[in-house]
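A.B. asks:
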Amino acid sequence: MEPANILAERTITPDFTRDPLTRKIYLELPAPGLENNQADVDRLRRALGGDYEGVSVPLELMRIIPSVCREAGWRVTATVGRDNCGWKLIDLEPGNRLHRHFGLAVDLGTTTVVAYLVDLQSGEIAGLAAGYNRQVEVGEDILTRIILGSTPEGLAALQKAAVQTINGLVERLEKEGTVQKREISALTVGANPTMVHFLLGLDPSRICLAPYTPVVNNPGFLSAGALGLEINPQGIVYCLPGVGSYLGGDVVGGVLVSGMHRRSELALFVDIGTNGEIVLGNREWLAACAGAAGPALEGGVAKNGMRAEKGAVD
Numbered sequence: 199m200e201p202a203n204i205l206a207e208r209t210i211t212p213d214f215t216r217d218p219l220t221r222k223i224y225l226e227l228p229a230p231g232l233e234n235n236q237a238d239v240d241r242l243r244r245a246l247g248g249d250y251e252g253v254s255v256p257l258e259l260m261r262i263i264p265s266v267c268r269e270a271g272w273r274v275t276a277t278v279g280r281d282n283c284g285w286k287l288i289d290l291e292p293g294n295r296l297h298r299h300f301g302l303a304v305d306l307g308t309t310t311v312v313a314y315l316v317d318l319q320s321g322e323i324a325g326l327a328a329g330y331n332r333q334v335e336v337g338e339d340i341l342t343r344i345i346l347g348s349t350p351e352g353l354a355a356l357q358k359a360a361v362q363t364i365n366g367l368v369e370r371l372e373k374e375g376t377v378q379k380r381e382i383s384a385l386t387v388g389a390n391p392t393m394v395h396f397l398l399g400l401d402p403s404r405i406c407l408a409p410y411t412p413v414v415n416n417p418g419f420l421s422a423g424a425l426g427l428e429i430n431p432q433g434i435v436y437c438l439p440g441v442g443s444y445l446g447g448d449v450v451g452g453v454l455v456s457g458m459h460r461r462s463e464l465a466l467f468v469d470i471g472t473n474g475e476i477v478l479g480n481r482e483w484l485a486a487c488a489g490a491a492g493p494a495l496e497g498g499v500a501k502n503g504m505r506a507e508k509g510a511v512d
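Going by our numbering, the first residue of the sequence shown is number 199, and it counts up by one from there.
1. Whole beta strand (DSSP E) runs in the stretch 375-445 with 3 or more residues, listed along the chain?
2. Answer yes if the stretch 371-389 comes into contact with the stretch 297-317, meaning at least three C-beta pairs across the two stretches below 8 Å, and no otherwise.
3. Would you tell me roughly how many angstroms separate the C-alpha atoms of I288 and D317, rounded to the nearest one?
4. Across the stretch 456-466 and the stretch 433-443, are there enough close Cβ pairs to call them in contact, namely three or more that are closer than 8 Å?
5. What is the residue span of the alpha helix (DSSP H) that N365 lies within?
6. Quick one: give me the first and last residue of the alpha helix (DSSP H) that L242 is part of.
7. Quick one, are the C-beta atoms of G479 and M458 less than 8 Å apart?
8. For a test of the three-state rule: what should DSSP assign to S456, helix, strand or coil?
9. Once the 5 residues before and after G514 are set aside, which same chain residues still bring their CB inside 6 Å of it?
10. So, is V511 buried or exposed, given that buried needs 16 or more other C-beta atoms within 10 angstroms?
11. Using a Cβ-Cβ cutoff of less than 8 Å, which residues in the same chain neighbour Q378 once the five nearest sequence positions on both sides are dropped?
12. Report the residue from T220, R404, R343, N415 whose alpha carbon sits nearest the alpha carbon of G321.
13. Please state whether DSSP places P264 in a helix, a strand or coil.
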C-alpha cells in the first residue's frame, strides 16, 4: 500500500553548504616494491593524508584491500565517513567511482515512511520511495507500541518492523535501477524520539511516564550493518538529534530547513503528525510544544471514526 499523499517535490530551497556524512576520494597509489614495502592499509592511510590519514579501517575491509588494490592497478576510490571519533573507511572500489556517491534521507513517521535518495556529489534528489510503517502490523497507535516496546519481545518486533520498512524502500529504489544498495554510504533519519528508540532497539517506556526521559537525544554516528539496514554494511547512520521526549529530530530538521532560526521576523512552524509539534520564534529565541494528533492519522484510540483517508468524509 502507498500513503495517500506524499510530497514528492520540495518547494523550500535553504541556503546550505553541502557537507555530506561521507566523502569519496580517488587515489592513484604507488605500487609496493623492495624499496617501499609499506603495509597495504598503511599505504592507503598515507595516500588519504590530511584529516583522513588516521582513518579507522574495519576488519572486513582490511581483508579485501589487498585484492582490490592489486586488481585495480592501485587506482582506487575510497569512501570515508564520519565516526564518533573522527573518520572511518566505508568502502574501497576499483577505479574512479566519484560519480556514484549516494545517501538516503528517511522521514521515519509513526504512520508513513518516506525515503529520498540523494546524489551526494550534486545534492540533487535521485529517487523517492514511500510506504506505510510496518509497525502498524504490531500496534496501530503509538501508545500501544510503547507498551509493547517495554518488553524485550515487543521491542524486538518493533525494531525489526522499522528496519524492514526502510529496507523495503531501499529495495524499491534499487529495482528502479538508480542505485545499488552498496552505493548508499550514508543514511539520515528524521523522526520523533519514540520512533528513534524503536529503530535503535532502545526501551521507550519512560518517554510517556513522568518525568518523561528518553534513553538518548543524540545517538551520534551508528553503523548500518549493526542495525540490519541494507545499505553499505559499513555505512553511516545518523539520527537527527532531538530536544526532549516529544520534540525529536523531525522537528529539528523542519526548523533547519525553514530557516526560521536565522530570521529576525517571528515565525510559526507546525508539524502535523501522529506526534504533532509547534515551534514559535526567530533567531533570538525558539519555544516549542507537542501534542497528540494520532487518532486522525493512525485510526486507533478513537472509539468512533477512522483514519483520515478516502471515505472519512462522505
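Virtual Cβ for every residue (Gly too), placed ideally from N, Cα, C. Since this is a predicted model, take the numbers as computed values, not measurements.
C.D. replies: A quick look at the data gives this:
1. As summarised for the stretch 375-445, the continuous beta strand (DSSP E) elements at least 3 residues long and confined to that stretch are 382-388, 419-421, 434-437, given in chain order.
2. Contact between the stretch 297-317 and the stretch 371-389 is present, with at least three C-beta pairs closer than 8 Å.
3. Your numbering for residue 288 matches position 90 in the sequence shown. Your numbering for residue 317 matches position 119 in the sequence shown. One alpha carbon belongs to I288, the other to D317, and they sit about 17 Å apart.
4. At 8 Å Cβ cutoff, the stretches do not touch.
5. Locating residue 365 in the sequence shown gives position 167, where the first residue counts as 1. Its alpha helix (DSSP H) spans residues 350-373.
6. On the sequence shown, residue 242 is found 44 positions in, with the first residue counted as 1. In the DSSP annotation of this structure, the continuous segment of the alpha helix (DSSP H) that includes L242 starts and ends at 238-246.
7. Stepping through the sequence shown from its first residue, residue 479 is reached at position 281. Stepping through the sequence shown from its first residue, residue 458 is reached at position 260. It is a contact, given that the beta carbons lie within the stated cut-off.
8. Numbered from its first residue, the sequence shown carries residue 456 at position 258. DSSP places S456 in helix when its eight states are reduced to three.
9. Only positions 199 to 512 of the chain appear in this structure, which leaves residue 514 out of reach.
10. Here residue 511 refers to the residue found at position 313 of the sequence shown. Exposed, because fewer than 16 other Cβ atoms sit within 10 Å of the Cβ of V511.
11. Locating residue 378 in the sequence shown gives position 180, counting from the first residue. Contacts found: E372.
12. For the purposes of this step, residue 321 is identified with residue 123 of the sequence shown, where counting begins at 1. For the residues T220, R404, R343, N415, the minimum Cα distance to G321 belongs to T220.
13. Your numbering for residue 264 matches position 66 in the sequence shown. Helix at P264.
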